[in-house]
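Working notes for the structure below.
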Amino acid sequence: MEENKLLLKVKDLKVSFFTPAGEVKAVDGISYALGYNEVMGIVGESGSGKSVEAYSIIGLLQNPGRVIGGSIEFEGENLLEYTPEQMRQFRGNKVSMIFQNPMTCLNPVYTIGNQLTEALTCHDKTISKEEARKKAIEMLELVGINNAEKRMNQYPHEFSGGMRQRAMIAMALICSPKLLIADEPTTALDVTIQAQILELMKDLQRKENTSIIFITHNLGVVADICDRISVMYAGRIVEQGKVNDIFYDPQHPYTRRLLQSIPRLDEEDDERLIPIEGTPIDLLNPPQGCNFGPRCTECMKICLRQKPPLAQVGEGHISACWLHFKDALEKEGEK
Amino acid sequence: MSEQTRKKLLEVEKLRKYFPVKGNKLLEKKYVQAVESVSLSIYKGETLGLVGESGCGKTTLGRTIIRLYEPTSGRIVYDGTPIYDSEKNISVKMLPYRRKMQIIFQDPSGSLDPRMTVGEIIGEALDIHGLTPSKKERTDRIRHLLEEVGLNTEHANRFPHEFSGGQQQRVGIARALAVDPEFIVCDEPISALDVSIQSQVVNMLEDLQANKGLTYLFIAHDVSVVRHISNRIGVMYLGCLVELAESHELCNHPIHPYTKTLLSAVPLPDPIKSRARQRILLEGDIPSPINPPSGCRFHTRCPYATDRCRQEMPVLKEYGPGHFGACHLLEQNG
Amino acid sequence: MKHTFAKISPFQVDPEKIMETFDIRDDDFSSASSQEKESMVEMHKSISFWQDAWRRFRANTVSMVALFVFLLCLFFAFIGPKFIPYTYADQYRTAQKLGPFEYSKSENIVRSVQDSADAFYATALRPGSLTAISKGSYYIQYGGKTYAFTMKKGAEKCILLLKQNDPEPLQLVSEKDIKDGAYTKYTAIEFTDTPEEGAKELKLIKWVFPHVFGTDSQGRDIMARTMYGARVSIIIGIMAALIVLIIGSIYGAISGLCGGVVDFIMMRIVELIYSVPEVLIVLLLQVVLKEPLQAWFQAHSATSAFVKAMSDLGAGIVSIFITFAVLYWVTMARIIRGQVLQLKKQEYVTAATALGASNARIIRKHLLPNCIGPLVITTCLQIPSAIFLESFLSFLGLGVSAPMASLGSLCSDALETISLYPYRLVFPAIVLTIIVLTLNLVGDGLRDALDPRLKK
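Residue numbers (this note's numbering), protein chains in the order written: chain P, 1 to 335; chain R, 1001 to 1334; chain D, 2001 to 2456.
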């Protein structure tokens, strides 16, 4: 795959929040690339910077957050150099986003139909009202809303939670964006509804060939839908690889411990869980060395002083841990 | 534990909790039928898990059992003493029972008073029941409790907002433990926590149970966690208990169609299994508990619903040893 | 999987290169001890609710400036009168209708003497005049001694001079005798050892101060009156806000906590009061209450200290308080009710119930402390509105009674002569504006600081 076939290239992105208490490095130099038609999962706990990173791609970073370094290239163009007007055109047209709580981005005083057609006409001034309406109904049917004709005239509060999320997905996809950013789209939903939405997203991804950045804290959800996974911890990507590599051959201690610590329905043993001890770091006072160091059972002296660089540990599989360098060292010694 | 040695700590019979709501018309009264005729027993020293989706009444049931909500009707027996019985008009004073039954909440920050220090929060329970007459005893007890839940003793003077979610939840657990309870309702105690913290809290709850012989009613929507921690699991749907069994039995051989759906929808952190598995997808959403469907409450979404399901509400019956289900289909089959 | 994958080349890292770019020590790959791991994290310092609020408030420049200006106003109103020799009631007969920074003729004379002879002048306290030490008996206390004297019949008006460090410090001179600092002892008086019965005490005024805001038609210093007026207005504002706070919060808390029928009835009463035209009721109450209040004061002020204090304030002000107690607590009650309704559902209240806490304990320990933010904010915003109402009533002539001044009555008094002496209106009006404006801005700042969710 050549470099120019990449849809999105994020390079050394740094986002900080300047709070009265000090600078919070929410995203501290992350890089990744996303190809066409690819589903990338970003997994992390709250405060790992996974949502902030997505918001900076779509240019919706709220004060006091600021991108302070790096670049975001979308089809070769640096988004950080876009004017607000360009950014507005870019949003919705090329990239759109769905959120955890659909109620926050559906306007309660307009009908669903109104909002869908507006999303269309906003980006394509030439489209007629009739056409827009037809397209909107099509879209609602596509996301599995029955009675689309009737539903068009209803208000968001008349929709149930799952329906709202469907409507939001319809709205996000109505302009056929190349990239869809899904920020915890199923977290607020019940398991059975979550299953519906995941099936729908998988289905739509196949039909529309949209690339998706899927942000979640739920490892089970990403296992199902993603091609590649980035695991984030405290503003940095600690491990990235194909979904099978991450789940069956995790290299970073955090990923390994995380997979061990969750109770699983598919395994019989009722053994004690192996938790990750300690608490997530305070981003206001990040440790000097590895962010995961204080909670890591394999923490070494170097981890106290220096943040580990990313190392390639397999094909398309990278991990940021000094342990890999220790391994490399030992091999050197054998020679 | 064998069937004979198990002692019932808590018995709930046909417990009902309705919340009044305003209707559309003036002076019209409607009810949210949050808990509808639930009967179950909790044995001493066990963990009974309660799963279900939001709005299924599991939280209401938990709170009604310890009478944070006044039941609409039914019977609650604690350790052989009826503490509520709508037929016999029994409704005891709860203060002595508050020492025996405690609750841990879902939202760790919301359940701690932001204007109180951690020491004051834990100490409140001691003050209410007059457990520690001297100041020194009180301080010692608070320190001991903090250590018990894995917190630093010097944390007593800090305010809740200075802690991470996991630590706040530990404070909430320490508060519940302050009165030395026998029975604790864990109301989604880990749902609001980060994945890496959840297992810490689960392990701690397990340790506390082992050390103090506690009995838990563990309420959660995450089936995997409930299966891990519980001896038995009850599944609720729209206010009704639809299935109740030993956890392994329930997860491996679910008998109710809703339980089957729920289990198949749980995301597995395993890409190959997850993709290979056939999910049972339900149509639509949970109906409103204000106007629940007639008959079996699941019939609107159940793929096997018959006319009988639409008219008659099924009752919970034993279909295997300790395996209860509430479904007409089961009756027909076996 | 048929999906296309992105190339991950930018991340390729060569371990050997790493060894060059990073500072790697010999023992770096041995395990770290748990103490070393713990030393990586430090818990930041504990901030209480009030410290946090103060930090937010300090960050708000407008509110900080407003707070500073308001403190200046407080200084002006409460400590200011100590720095000027005049009081709100003293009438200086020769100093009538002076403009800002002007002196009366006799004050000018004293000023000229003061410079050269280290002199003071005295005046009768009340009623009295600056220079009219005319017929009659007087005494004055100075330097630990009492000087008594009687004006001879037919004697002229005179000025009392006191010379420090003089064996005979007390001297009376006639106005006409003072020329270019030269003066002679005025002979038309007789000194006696003890004051006669009915002698008037002359109070010393130690220096002559410019009438910064001028004087009014009765020769009263407008700055002194403005200071006293501001003091009265601020006291009324705070008292009224406290009355509103007490009645409103209790009423609101009961209504919110009890709920159901109690809440329904209590809120209908609130709505009833809301629907009453306030100004009309205020005016009626003022008029109706004045007479019985005065009668009550006269009957009881001798026996009760409370009534005495009330009667010192005057019937007008007391009826303003009554007005506030009757009408103005409704907003506060609604706010507190809303707050209590919201707090009631908080899980920590449920947790306290689960622990067996009584209702009284829940109110005392959980509900009230958590209401403090809105309580402080609403009270703070109530003060300017009370000041405004008082000024409005005084302006209509219904507030404080003469010679007591309030900012409103000062404005009202000035209105008669507005075309000739506009500054008499301007100064009290400016002070009133500053107090009301700064209090509002401080209240806004407090709201942002105490309850960040209310912002926007």
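Backbone N, C-alpha and C define an ideal beta-carbon position, used for all residues, glycine too.
- Chain-order list of chain P residues neighbouring residue 2032/D: 293, 299, 300, 301, 303 and 304, by C-beta distance under 8 Å.
- Among the residues facing chain D, residue 84/P is not included, as its CB has no counterpart in that chain under 8 Å away.
- Shown here, residue 1103/R sits in a strand according to DSSP, grouped into three states.
- Around the beta carbon of residue 1106/R, 16 or more other beta carbons lie within 10 angstroms, which makes this residue buried.
- Here DSSP, grouped into helix, strand and coil, assigns residue 239/P to strand.
- Within chain D, 2029 have C-beta atoms less than 8 Å from the C-beta of residue 326/P, given in sequence order.
- In the structure shown, residue 2138/D falls within a strand segment according to DSSP collapsed to helix, strand and coil.
- With distances taken between CA atoms, residue 143/P lies nearest to 196/P out of 230/P, 196/P and 76/P.
- About 5 Å separates the CB atoms of residue 2343/D and residue 2367/D; that is less than 8 Å, so the two are in contact.
- Within the same chain, Cβ atoms closer than 8 Å to the Cβ of residue 101/P are found at 188, the five residues on either side in sequence being excluded.
- Chain P places a beta carbon closer than 8 Å to that of residue 1203/R, counting this residue as a contact.
- CA-to-CA, the gap between residue 2096/D and residue 2215/D works out to about 6 Å.
- Under the Cβ criterion (8 Å, minimum of three pairs), the segment 1276 to 1290 of chain R counts as touching the segment 1026 to 1036 of chain R.
- In this structure, DSSP gives residue 283/P a state outside helix and strand, which the three-state scheme calls coil.
- Short of 8 Å from the beta carbon of residue 300/P, and not among the five residues preceding or following it, lie these beta carbons of its own chain, in chain order: 322, 323 and 326.
- Any Cβ of chain R closer than 8 Å to the Cβ of residue 2421/D would place that residue at the interface, and such an atom is absent.
- CA-CA distance, residue 2263/D to residue 2338/D, rounds to 11 Å.
- Around the beta carbon of residue 62/P, fewer than 16 other beta carbons lie within 10 angstroms, which makes this residue exposed.
- Counting along the chain, the unbroken alpha helix (DSSP H) around residue 1138/R starts and ends at 1135 to 1148.
- Here residue 2428/D carries a helix assignment [DSSP, helix/strand/coil].
- Restricting attention to 2146/D, 2319/D and 2058/D, the CA atom closest to the CA of residue 2292/D is found in 2319/D.
- Under a criterion of Cβ atoms nearer than 7 Å, the residues of chain D adjacent to residue 20/P are, in order, 2055 and 2059.
- For residue 1098/R, the secondary structure class from DSSP, reduced to helix, strand or coil, is helix.
- Within chain R, the residues whose beta carbon sits less than 9 Å from that of residue 195/P are 1261, 1264, 1265, 1266, 1267, 1279, 1280, 1281 and 1282, listed in sequence order.
- Look at residue 78/P here: in three-state DSSP terms it is strand.
- Contact between residue 13/P and residue 67/P holds: CB atoms are separated by about 7 Å, below the 8 Å threshold.
- Contact between the segment 1206 to 1226 of chain R and the segment 1179 to 1189 of chain R is present, with at least three C-beta pairs closer than 8 Å.
- For residue 1129/R, the secondary structure class from DSSP, reduced to helix, strand or coil, is coil.
- Taking a Cβ-Cβ threshold of 8 Å, the residues of chain P close to residue 1227/R are 263 and 265, in chain order.
- For residue 1232/R, the CB contacts under 6 Å within the same chain, skipping 5 residues up- and downstream, are 1048 and 1246 in chain order.
- Under the three-state reduction of DSSP output, residue 68/P falls in the strand class.
- By the Cβ neighbour-count rule, residue 1269/R is buried, with 16 or more other Cβ atoms within 10 Å of its own.
- Counting along the chain, residue 2089/D sits inside no alpha helix (DSSP H), nor does DSSP assign it H or E at all.
- The beta carbon of residue 217/P sits closer than 8 Å to some beta carbon of chain R.
- For residue 324/P, the three-state secondary structure derived from DSSP is helix.
- When only Cα atoms are considered, residue 1146/R and residue 1171/R end up about 7 Å apart.
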